[in-house]
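Asker:
There are 2 protein chains.
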Amino acid sequence: MSGLDGSGSPLREIPEATVARLPMYLRALNALADGSRLVCSSDELAAAAGVNAAKLRKDLSYLGSYGTRGVGYDVELLRFHIAREIGITQDWSVVIVGAGHLGQALAGFSGFTSRGFEIVALLDADPALAGQQIAGVPIHDFADMPAIVAERRVTIGVIAVPAAAAQQVTDDLVAAGVTSILNFAPAVLSVPAGVDVRKVDLSSELQILAYHESRKGAASDAGTEATA
Amino acid sequence: MSGLDGSGSPLREIPEATVARLPMYLRALNALADGSRLVCSSDELAAAAGVNAAKLRKDLSYLGSYGTRGVGYDVELLRFHIAREIGITQDWSVVIVGAGHLGQALAGFSGFTSRGFEIVALLDADPALAGQQIAGVPIHDFADMPAIVAERRVTIGVIAVPAAAAQQVTDDLVAAGVTSILNFAPAVLSVPAGVDVRKVDLSSELQILAYHESRKGAASDAGTEATA
DNA sequence: TAGATTGTTAATCGATTAACAATC
DNA sequence: TAGATTGTTAATCGATTAACAATC
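Residue numbers (our numbering), protein chains in the order written: chain A, 1 to 228; chain B, 1001 to 1228.
1. Just to make sure I have the definition right: I need the residues of chain A whose C-beta is within less than 8 Å of the C-beta of TYR1025 (chain B). Which are they?
2. Which same chain residues, not among the five before or five after PRO162 (chain A), have their C-beta less than 7 Å away from its C-beta?
3. So VAL178 (chain A) packs on VAL154 (chain A), CB below 8 Å; how close in whole Å?
4. Who are the near neighbours of GLY194 (chain A) in its chain, counting only those whose CB is closer than 8 Å to its CB and skipping five residues on each side?
5. Could you confirm whether any beta carbon from chain A is found closer than 8 Å to the beta carbon of GLU1013 (chain B)?
6. Looking at the secondary structure, which residues open and close the alpha helix (DSSP H) in which TYR25 (chain A) lies?
7. In chain A, which residues lie with their C-beta within 7 Å of the C-beta of THR1155 (chain B)?
8. Which value, in whole angstroms, describes the spacing of the CA atoms of ALA17 (chain A) and LEU1206 (chain B)?
9. For ASP172 (chain A) and VAL149 (chain A), what's the separation of their Cα atoms in angstroms?
10. Using a Cβ cut-off of 7 Å, pull out every chain A residue sitting near ILE1086 (chain B), in sequence order please.
11. Is DSSP giving THR179 (chain A) helix, strand or coil here?
12. Would the segment 1013 to 1030 of chain B and the segment 1042 to 1050 of chain B be scored as touching if the rule is three or more Cβ pairs under 8 Å?
13. Do you know offhand how far ASP196 (chain A)'s Cα is from TRP92 (chain A)'s?
14. With DSSP as the reference, label ALA1228 (chain B) as helix, strand or coil.
15. Bridge partners for GLU233 (chain A) per DSSP, in chain order?
16. What do you get for SER42 (chain A), buried or exposed, if any count of 16 or more other CB atoms within 10 angstroms of its CB means buried?
17. Report back the beta-carbon spacing between VAL95 (chain A) and MET145 (chain A) to the nearest angstrom; my notes put them in contact at under 8 Å.
18. Mind checking whether ALA1099 (chain B) and LEU1063 (chain B) have CB atoms under 8 Å apart?
19. Are any of the Cβ atoms in chain A nearer than 8 Å to that of THR1224 (chain B)?
20. Compute the Euclidean distance between the alpha carbons of ALA1020 (chain B) and ILE1014 (chain B), then round it to the nearest angstrom.
21. What does DSSP give as the partner residues of PRO1138 (chain B) in its beta bridges?
22. Going by other Cβ atoms of all chains shown within 10 Å of its Cβ, with 16 needed for buried, is SER1203 (chain B) buried or exposed?
23. Using a Cβ cut-off of 9 Å, pull out every chain A residue sitting near LEU1106 (chain B), in sequence order please.
24. So, do the segment 1128 to 1142 of chain B and the segment 1104 to 1116 of chain B have three or more beta carbon pairs nearer to each other than 8 Å?
25. Output, in chain order, the set of chain B residues within a Cβ distance shorter than 9 Å of PHE117 (chain A).
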């Protein structure tokens, strides 16, 4: 157990909370690089990513020592190391299941391509849609999914179908070899060990906002509870 | 400080992690109620929500004691108490800014209505779209936003515009009185104290999956690191 | 009463933060 | 050398979990 971390190999154990923030740092670095900044301090980068500097430095320390004391971080170098740590120095092939509004919106989202992903197909149970393209992404019959997954070495699937269909789609994707799933359907998915699922739940997000919103209203009645 | 929690008033301090799970419990209870279950145990509910039973009981204990030892939870009663705690016993008015693919997908998502929200308008900077409807939601010129927010008492806004426009839209929403924002644009938003922002970042989600996916591949080389 | 299941305790674990020594 | 800024330490805080007494 526990990697005997040798040279610069990216196999240290990184806390999950840190992993979830690496994409934010990468985005902030990309913005800085666009502005042709060569070097930045932890304060600047933290501000650009919307976190505090202590947390940023602690997070980056898990990756290794890529800053220079008294100077800051080399933007390009740090960008490379984070991208390598995340594993997006090469693109990952992704399929989106469900060519409804949401699936089409996702396929059309240009951000994926530049951030390490290639959407190789939109899949839909309606064979009438097959042959069309959305923003350059071909729509295929869901029946062709196993062939596409095998041929394009797809390991990540995005679920944009109604909740009622989500578990079956998941089972099919997993059977075809997909081992990571991003789920937009409001449903709890069961998957075998070794398969990762992340979910994006739109009404949950709104409900969490509503929870805090409810208490805000109350604050104007009672004491002054503002500015947090 | 710290509420002197009287009768059953929903003003105890609830941990943020618990708040984020209440919507999951509510969804699971709705599913059970549809199946006409009157009572359920913490084990059943936890399984339906995809969490472990200890965590569920701990979470529910923050709301009060709404279960019966030896019996379980009354589905309808618990549903009411969670909905009240979240603050969705009445509907919240919501505007979606950006009538592109994503905005249209969100407007068409039927789940919001039944979960405590009414989408009162889609707003877009392109006045040519105004007058159209998407799934019953009218599209308005963004210039009309302040009037709509005031008239419909909107406190929650959803941002589905390109990253470059997100901060300006945020500033305008906040100026109009919106105090909770759900942000789909890949951008860090600054808001004044008292305004809550939650973000849904699609490429971050994929990158987090990619991180774990990278290590899976490596596991087949080295020792047996499967089943987690 | 016996069986079942909650609500709570206490231990553990992981994440955050401030402070500062190391060092460019 | 003096000033700046990282990387790390240690303290604190919050979340998770298992176990079990309370109680239906």
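Glycine included, each C-beta is placed from N, C-alpha and C at the ideal position.
Answerer: Working from what's here:
1. Within chain A, no residue comes near TYR1025 (chain B); the closest Cβ sits about 11 Å away, beyond 8 Å.
2. ALA185
3. 6 Å
4. THR179
5. no
6. 16 to 34
7. GLU213
8. 15 Å
9. 11 Å
10. GLN207, ALA210 and TYR211
11. coil
12. yes
13. 15 Å
14. For ALA1228 (chain B), the predicted structure reports a pLDDT of 28, less than 50, and the residue's modelled location is therefore unreliable. A value from the coordinates is still provided. Three-state result, ALA1228 (chain B): coil.
15. Because chain A spans 1 through 228 in this model, residue 233 (chain A) falls outside it and cannot be assessed.
16. buried
17. 7 Å
18. no
19. Reliability of the predicted coordinates at THR1224 (chain B) is poor, the pLDDT of 32 falling under 50, and the value obtained from them is presented with this limitation in mind. Not closer than 8 Å to any Cβ of chain A, the Cβ of THR1224 (chain B) fails to qualify, so no.
20. 10 Å
21. B:GLN1133
22. buried
23. HIS101, LEU102, ALA105 and LEU202
24. yes
25. SER1203, LEU1206, GLN1207 and ALA1210
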